[in-house]
Amino acid sequence: MKIAIAGTGYVGLSNAILLSQYVEHLVYASSSSVYGVNTAMPFSVHQNVDHPLSLYAASKKANEFMAHTYSHLYSLPTTGLRFFTVYGPWSRPDMALLKFTKAILAGEPIQVFNYGKHRRDFTYVDDIVEGIIRTLDRPALANPQWDSNQPDPGTSKAPWRVYNIGNNQPVELLDYISAIENALGKKAIKELLPLQAGDVPDTYANVDDLVEQFHYRPATSVSDGVQRFVAWYREFYGE
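All letters in the sequence shown, in the order written, are residues 787 to 1025 by the working numbering.
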């Protein structure tokens, strides 16, 4: 049996790996937030990620640590997928795209942090799902070249791997909002605010390992992805 789980912190991962004796491969959700204070772009799974900026990021890194421990102790193949700013239909109501769309249609202001200068590697949900399916079908392998004197943070001598799943094309937040405005045919009222504590200015995914090992690269443009979301939103909410 192969299973994929959403990243729900310690409890979610712990419950899933209680099934380890029955599982061939565990794929779990990590996050681009683990890169924390890193500024070397694009973010690579082979960079050190020991300096998170939020408790959420720390919990995601803890998931990766726990998965590695189970891979080492029980030879359970585990793969962590670091998602980069996922958006699309059926998103949580507290996510930016749904909040912005709802507010713009209602003529209400939207809060735009860092004065809209954030850059995010927005990744459409269908691209994320395709990445999950491709990695799920190929259990993680140990890296025979792994060297404890020069440890590679993205692999291990245990059957443990992590991969970035991102669009590999960062977009400024103001441009993302413009895509929403274009899809809705209505301008946003923007409340420009400084950077929030615990947030990072930019994210940018290096997906070379995903391309090399799974022949896959997320490719949905922000313009197309937002258009699809707005079409779903109008139908679902009857707007």
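Note that the Cβ used here is the ideal one computed from N, Cα and C, for glycine as well.
Contact defined as beta carbons within less than 8 angstroms: I believe residue i pairs with residue j. What is the distance between those atoms, to the nearest angstrom?
i	j	result
Y910	T989	15 angstroms between Cβ atoms; not a contact.
L978	G902	6 angstroms
S831	D995	A quick correction: the sequence has Val, not Ser, at residue 831. About 6 angstroms separates the two Cβ atoms, so the contact holds.
V993	N954	5 angstroms
I975	E894	7 angstroms
P956	R924	Going by Cβ atoms, the distance from P956 to R924 rounds to 28 angstroms, so no, they are not a contact pair.
Would you identify the three-state DSSP class for residue i, choosing helix, strand or coil?
i	result
L884	helix
W932	coil
V1016	helix
S1009	helix
Y1002	coil
V948	strand
F899	helix
V813	strand
Y990	coil
L996	helix
Given residue i, which residues of its chain have a CB within under 7 angstroms of its CB, disregarding the five upstream and five downstream residues?
i	result
L867	V813, A815, S816, G917, I918, T921, Y949, I951
S840	S819, G984
E1025	L891, Y1019
K847	V820, V835, P838
T941	N929, W932, R947
Q1013	A969
F829	S818, Y821, N950, T989, Y990, A991, N992
V872	T909, V911, I914
Between the options, which has its C-alpha nearest residue i's C-alpha?
i	options	result
E810	T865, Y962, A843, M852	T865
F899	E958, P930, A844	E958
L970	S1009, N935, Q955	S1009
A965	P895, F886, A944	F886
G874	A928, Y842, A843, D913	D913
V1016	K943, R1003, N968, D995	N968
N824	V986, P939, G1011, H858	V986
F1022	Y860, Q897, K888	K888
Cutting at 6 angstroms between CB atoms, please list the residues of its own chain near residue i, excluding the five before and the five after it.
i	result
M827	Y990
F1000	R920
F870	S818, D907, T909, G952, T989, A991
L927	P945
L884	S877
A844	P838
P937	none
H858	A944
So, for residue i: in the same chain, excluding its five sequence neighbours on each side, which residues have a beta-carbon less than 8 angstroms away from its beta-carbon?
i	result
R778	One cannot answer for residue 778 here, as it falls past the ends of the chain, which runs 787 to 1025.
G973	Checking the sequence shown, residue 973 turns out to be Lys, not Gly. The residues are I890, E967.
Enumerate, from N- to C-terminal direction, the unbroken alpha helix (DSSP H) stretches of 4 or more residues contained entirely within the stretch 831-878.
841-860
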